[in-house]
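Undergrad: Please read through the structure below; I'll follow up with questions.
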Amino acid sequence: MSIGTLVNKQNSDGGWPYVRGGSWTEPTVYAVMALLAAGETEAAGRGLHWLRKARRSDGGWPPRLGIDQSGWVTGLVALLPPAILGEEIHRHAVRWLLGTEGKETTRIYRLREWLLGVPSPAEQDFPGWPWVPGTAAWVGPTSIAIMALQKENRQRPTSAIANRIREGQQFLLARMCKSGGWNHGSSNALGYAAHPYPETTGMALAALRGVTGPKVEMAVAVAQKFLGECRSADALNWLRLGLRAQDQMPHDFCPPSDVARRTIPETSLDVLVAEAVRQGRDVFVNLV
Amino acid sequence: MANESSAKTFPHSMSRREWLALSAGAATVALSACNTQRPIEPSLVSIVKAPAYDQSIYDTMRRMLASHSLDVRGRNIVLKPNLVEFEPESSINTNPLVVHAAYEAFHAMGAASVRIAEGPGHRRNTLDLADAAGYFKIVPQFEDQFTDLNLDDVTRVYPHRQFSRVEKLYLPNTALGADLLVSIAKMKTHHWVGATLSMKNLFGTVPSGVYGWPKNVLHWAGIDESIADLHEAFPHHFSIVDGIVGMEGNGPIQGVPKHAGVLVAGNDPVAVDATCCRIMCIDPFQIGYLRLASDTDSHMSERNVNQIGEAIADVATPFDLIPEFQRLRMVKS
Chain A
1 MSIGTLVNKQ NSDGGWPYVR GGSWTEPTVY AVMALLAAGE TEAAGRGLHW LRKARRSDGG
61 WPPRLGIDQS GWVTGLVALL PPAILGEEIH RHAVRWLLGT EGKETTRIYR LREWLLGVPS
121 PAEQDFPGWP WVPGTAAWVG PTSIAIMALQ KENRQRPTSA IANRIREGQQ FLLARMCKSG
181 GWNHGSSNAL GYAAHPYPET TGMALAALRG VTGPKVEMAV AVAQKFLGEC RSADALNWLR
241 LGLRAQDQMP HDFCPPSDVA RRTIPETSLD VLVAEAVRQG RDVFVNLV
Chain B
1001 MANESSAKTF PHSMSRREWL ALSAGAATVA LSACNTQRPI EPSLVSIVKA PAYDQSIYDT
1061 MRRMLASHSL DVRGRNIVLK PNLVEFEPES SINTNPLVVH AAYEAFHAMG AASVRIAEGP
1121 GHRRNTLDLA DAAGYFKIVP QFEDQFTDLN LDDVTRVYPH RQFSRVEKLY LPNTALGADL
1181 LVSIAKMKTH HWVGATLSMK NLFGTVPSGV YGWPKNVLHW AGIDESIADL HEAFPHHFSI
1241 VDGIVGMEGN GPIQGVPKHA GVLVAGNDPV AVDATCCRIM CIDPFQIGYL RLASDTDSHM
1301 SERNVNQIGE AIADVATPFD LIPEFQRLRM VKS
């Protein structure tokens, strides 16, 4: 799939499906980003219209129209430049992100656990972001939220944003697998060590841009190993974005020719990585 | 837009007199019911031996399904395997030969369509996961036959009975629209609920596109309770459990393969899962979601199961349990 395919797969309401069917927020954001990076503004404009329409009154976005709760995709929408999305809409999205955290670090939950005498594990010291409010924080949504806030902090820095970025990055470092890299969030279950996944390892490395140290070095080594073995488009996209953010992408890497890009996010992220290489800058985080 | 399907019906507002009359009537019916032994129609569960993943599974599956006299002519069937991780050498996923054998059997029985559908809870790249699990090799044109339930269009559903705190669920239209949903689970131990079989396999119908990877909403709502909720949402699903090589110990991911050499099937998921527990030498009455999903004198009891094929005693294979679940071990009578 390519830019032409993205344009062809756009639904009549302006949004995109993951594969086919109704429009969802996640593929629509990725498709808009890819189209903007490639200079395809007309289809991107229709996508932006869909996104503005899908926005909820609390300032966040649902996974798709008709679902009555905002969720992690708000971080994705906040990656879009304010000038393109709308300054006020973007500000509310950032506010939604700042007011959202995993349930396990909320004061009420901690008080409850303290009253019950349940010890709080060290990896729950730092707030991350959940997929759905009212549940625990995970690596995927936390990485996306950090990237959105990093972008905002470059343009309109505040201490609140800087704090959440720092805490989010500490969340990621605390949740790293023993062998390096990241699972979807748990580094172990019932004492058994969890294995890292390529896609979440790439996402976390992308969110840890600018962070150095032995843990990041270990994760980079895991990501580079995954890069040589992996045949999944989603994983390869995130590994490349993560390694590029760490300036550790092997220069001679070429994705295997037999990798199938089946979903709109897979195609869009592939376009964004290719544009980043062509333009020599990270268009995923710095779209314009 | 997500559609809405309300399975609940809400009473219109009633006067005090109407309430009293209704209450008195209900009390009379309840009292008379106490004096009546309500006969339970036994659920049919079949156990067949299947020693290995080979071509003989196709014939075994045909015979097993024939014994249930399912009339699927002209019906739309959705097969829901259990796909979890990229580990083709492990016993973590439902073996593709079992799924393809069911696919062929339902077609041969006259089904109008047979689709394969799954929504894994850990990994986003479902088709890559299916590829690694061998589905592309075994099922011709697999991609055309497959729906990723995580990314499917959804409908808001209110189960008739709720056990968890989740008031509603958004569920995929492919699963909701099936004339018959067939859960093709793997026989595995599970480090949170004891055993994962056909009912727990329904977690894969909850779309990660809405709830995330993992589907953490279900964990916070209570895993046992959420399984019971899903059983209510899909009350008529048919169950097949792949116990040819299951998983023991720290399942459902990090356990070790366990050969039990059986396929188990039936149209009552409670009875099928309870039978699988007995094969694994686990006491089904110790499994929380089975207790929630069944009535007092339910199809969990062996006396209420019309079991055909192999006798449990002949195929019983003790699955190792982690220390936290030693209490689930069935006590020999």
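If you read the protein sequences in the order shown, they are chains A and B. Following my numbering, the numbering of the first sequence begins with 1 at its first residue and continues without gaps. Following my numbering, the numbering of the second sequence begins with 1001 at its first residue and continues without gaps. All C-beta atoms in this analysis are idealised placements derived from N, C-alpha and C, irrespective of residue type, glycine included.
Contact check, residue 1146 of chain B vs residue 1108 of chain B under 8 Å by CB: the rounded distance?
TA: Locating residue 1146 of chain B in the second sequence gives position 146, where the first residue counts as 1. Locating residue 1108 of chain B in the second sequence gives position 108, where the first residue counts as 1. The pair is not a contact, with the Cβ atoms about 20 Å apart (cut-off 8 Å).
Undergrad: From B:1123, B:1162, B:1140, pick the residue whose C-alpha is nearest to that of residue 140 of chain A; which is it?
TA: Working through the first sequence from its first residue, we reach residue 140 of chain A at position 140. Checking every option, the nearest Cα to that of residue 140 of chain A belongs to B:1123.
Undergrad: Hey, does residue 1328 of chain B have any beta-carbon neighbour from chain A nearer than 7 Å?
TA: By one-based count along the second sequence, residue 1328 of chain B stands at place 328. No - not a single Cβ of chain A is within 7 Å of the one on residue 1328 of chain B.
Undergrad: Name the residue from B:1198, B:1127, B:1210 whose alpha carbon lies nearest to the alpha carbon of residue 263 of chain A.
TA: The sequence position of residue 263 of chain A within the first sequence is 263, counting from 1. Looking at the Cα atoms, B:1127 is the closest of the given residues.
Undergrad: For residue 201 of chain A, decide whether its Cβ has a neighbour in chain B, counting only Cβ atoms nearer than 7 Å.
TA: In the first sequence, counting from the first residue as 1, residue 201 of chain A sits at position 201. No, residue 201 of chain A does not count as interfacial toward chain B.
Undergrad: Just to check my reading of the structure: residue 274 of chain A and residue 284 of chain A have Cβ atoms closer than 8 Å, yes? What is that Cβ distance to the nearest angstrom?
TA: Taking the first residue of the first sequence as position 1, residue 274 of chain A is located at position 274. Taking the first residue of the first sequence as position 1, residue 284 of chain A is located at position 284. Rounded, the Cβ-Cβ distance is 11 Å, inconsistent with contact.
Undergrad: Would you say residue 1224 of chain B and residue 1289 of chain B are within 7 Å of each other, going by their C-beta atoms?
TA: Counting from 1 along the second sequence, the entry for residue 1224 of chain B is found at position 224. Counting from 1 along the second sequence, the entry for residue 1289 of chain B is found at position 289. Yes, the Cβ-Cβ distance between residue 1224 of chain B and residue 1289 of chain B is below 7 Å.
Undergrad: Determine the DSSP secondary structure at residue 1148 of chain B, reduced to helix, strand or coil.
TA: Translated into the one-based positions of the second sequence, residue 1148 of chain B becomes position 148. If DSSP states are grouped into helix, strand and coil, residue 1148 of chain B belongs with the strands.
Undergrad: Please go through the stretch 1250–1313 of chain B and give each complete alpha helix (DSSP H) segment of 4 or more residues, from N-terminal end onward.
TA: For the stretch 1250–1313 of chain B, whole alpha helix (DSSP H) runs of length 4 or above, ordered along the chain, are 1269–1279, 1288–1293.
Undergrad: According to the neighbour-count rule (16 or more other Cβ atoms, all chains shown, within 10 Å of its Cβ), is residue 1270 of chain B buried or exposed?
TA: Residue mapping note: residue 1270 of chain B aligns to position 270 of the second sequence, counting from 1. Flag for residue 1270 of chain B reads buried.
Undergrad: Unbroken beta strand (DSSP E) runs of length 3 or more, entirely within the stretch 1092–1176 of chain B: which are they?
TA: You should have 1113–1118, 1146–1148, 1154–1158, 1169–1172.
Undergrad: What is the rounded straight-line gap between the Cα of residue 166 of chain A and the Cα of residue 129 of chain A?
TA: Here residue 166 of chain A refers to the residue found at position 166 when the first sequence is read from its first residue. Here residue 129 of chain A refers to the residue found at position 129 when the first sequence is read from its first residue. Taking the straight line joining both Cα atoms gives about 13 Å.
Undergrad: Short of 7 Å in beta carbon distance, which residues of its chain neighbour residue 1141 of chain B, apart from the five on each side in sequence? Order them along the chain.
TA: For the purposes of this step, residue 1141 of chain B is taken as residue 141 along the second sequence, with counting starting at 1. None.
Undergrad: Comparing alpha-carbon positions, which option in A:23, A:207, A:240 lies nearest residue 47 of chain A?
TA: Translated into positions along the first sequence, residue 47 of chain A becomes position 47. Closest option to residue 47 of chain A, Cα to Cα, is A:23.
Undergrad: On the criterion of 16 or more Cβ atoms from any shown chain inside 10 Å, does residue 1324 of chain B qualify as buried, or is it exposed?
TA: In the second sequence, residue 1324 of chain B corresponds to position 324, counting from 1. By the neighbour-count rule (16 or more Cβ atoms within 10 Å), residue 1324 of chain B is not buried but exposed.
Undergrad: Would residue 1156 of chain B and residue 1168 of chain B qualify as a contact pair, given that the criterion is a beta-carbon distance under 7 Å?
TA: For the purposes of this step, residue 1156 of chain B is taken as the residue at position 156 of the second sequence. For the purposes of this step, residue 1168 of chain B is taken as the residue at position 168 of the second sequence. It is a contact, given that the beta carbons lie within the stated cut-off.
Undergrad: Among the candidates B:1279, B:1149, B:1059, whose CA atom is the shortest distance from the CA of residue 1307 of chain B?
TA: Position 307 of the second sequence, counted from the first residue, corresponds to residue 1307 of chain B. Ranking B:1279, B:1149, B:1059 by Cα distance to residue 1307 of chain B puts B:1279 first.
Undergrad: Find the residues of chain B that neighbour residue 19 of chain A, judging by a C-beta separation of less than 8 Å, and give them in chain order.
TA: Locating residue 19 of chain A in the first sequence gives position 19, where the first residue counts as 1. Within chain B, the residues near residue 19 of chain A are 1148, 1151.
Undergrad: With 7 Å as the threshold, decide whether the Cβ of residue 22 of chain A is near any Cβ in chain B.
TA: Residue 22 of chain A sits at position 22 when you count from the first residue of the first sequence. Closer than 7 Å to some Cβ of chain B, the Cβ of residue 22 of chain A qualifies, so yes.
Undergrad: With a threshold of 6 Å on Cβ separation, who are the neighbours of residue 248 of chain A within its own chain once the five nearest residues in sequence on each side are excluded?
TA: For the purposes of this step, residue 248 of chain A is taken as the residue at position 248 of the first sequence. 220, listed in sequence order.
Undergrad: For residue 1133 of chain B and residue 1185 of chain B, I'd like the C-alpha separation in whole angstroms.
TA: By one-based count along the second sequence, residue 1133 of chain B stands at place 133. By one-based count along the second sequence, residue 1185 of chain B stands at place 185. Computed Cα separation, rounded: 14 Å.
Undergrad: Measuring from the CB of residue 90 of chain A, is there a heavy atom of the ligand GTP at a distance below 6 Å?
TA: Absent from the structure shown: the ligand GTP. Ligands present: none.
Undergrad: Note the first and the last residue of the continuous alpha helix (DSSP H) segment covering residue 225 of chain A.
TA: Here the question's residue 225 of chain A lines up with position 225 in the first sequence. 214–229 is the span of the alpha helix (DSSP H), which, as asked, contains residue 225 of chain A.
Undergrad: List the residues of chain A whose Cβ lies closer than 7 Å to the Cβ of residue 1254 of chain B, in chain order.
TA: Against the second sequence, residue 1254 of chain B aligns to sequence position 254. 192, listed in chain order.
Undergrad: Distance cutoff 7 Å, beta carbons only. Does residue 1193 of chain B sit that close to anything in chain A?
TA: Here the question's residue 1193 of chain B lines up with position 193 in the second sequence. Chain A contact via Cβ: absent.
Undergrad: Just checking: is the beta-carbon of residue 136 of chain A within a distance shorter than 7 Å of some beta-carbon in chain B?
TA: By one-based count along the first sequence, residue 136 of chain A stands at place 136. Yes, residue 136 of chain A counts as interfacial toward chain B.
Undergrad: Mind listing which residues of the stretch 113–129 of chain A have their C-beta closer than 8 Å to chain B's C-betas, in chain order?
TA: Those residues of the stretch 113–129 of chain A that come within reach of chain B (Cβ to Cβ, closer than 8 Å) do not exist; the list is empty.
Undergrad: Determine which residues of the stretch 228–242 of chain A have a Cβ less than 8 Å from any Cβ of chain B, and write them out in chain order.
TA: Against chain B - using a Cβ distance shorter than 8 Å - the residues of the stretch 228–242 of chain A are 231, 232, 233, 234, 235.
Undergrad: Beta strand (DSSP E) containing residue 1048 of chain B: first to last residue?
TA: Taking the second sequence and counting its residues from 1, the one referred to as residue 1048 of chain B is at position 48. Segment 1043–1049, the beta strand (DSSP E) holding residue 1048 of chain B.
Undergrad: Taking DSSP as the reference, what is the three-state secondary structure of residue 130 of chain A?
TA: Numbered from 1 along the first sequence, position 130 holds the residue referred to as residue 130 of chain A. Note: residue 130 of chain A maps to strand in three-state DSSP.
Undergrad: Could you tell me whether the stretch 1039–1051 of chain B touches the stretch 1070–1086 of chain B, using the rule of 3 or more Cβ pairs below 8 Å?
TA: Result no; under three Cβ-Cβ pairs closer than 8 Å.
Undergrad: Spell out a yes or no on whether the stretch 54–61 of chain A and the stretch 1208–1223 of chain B are touching, meaning 3 or more CB-CB pairs, one atom from each, closer than 8 Å.
TA: Taking 8 Å as the limit for Cβ pairs, the verdict is that the stretch 1208–1223 of chain B does not touch the stretch 54–61 of chain A.
Undergrad: Using 8 Å for Cβ pairs, my map puts residue 1188 of chain B next to residue 1252 of chain B. What's the rounded Cβ distance?
TA: Translated into the one-based positions of the second sequence, residue 1188 of chain B becomes position 188. Translated into the one-based positions of the second sequence, residue 1252 of chain B becomes position 252. Correct: roughly 5 Å between the Cβ atoms.
Undergrad: Considering only residues of the stretch 1051–1076 of chain B, which uninterrupted alpha helix (DSSP H) runs meet the minimum length of 4 residues and lie entirely inside it, listed in chain order?
TA: Runs found: 1056–1066.
Undergrad: In angstroms, rounded to a whole number, what distance separates the CA positions of residue 30 of chain A and residue 18 of chain A?
TA: Within the first sequence, residue 30 of chain A is the residue found at index 30, counting from 1. Within the first sequence, residue 18 of chain A is the residue found at index 18, counting from 1. Approximately 10 Å, taken between the alpha carbons.
Undergrad: What first and last residue would you give for the beta strand (DSSP E) that runs through residue 1347 of chain B?
TA: No answer is possible for residue 1347 of chain B: it lies beyond the span of chain B, which begins at 1001 and ends at 1333.
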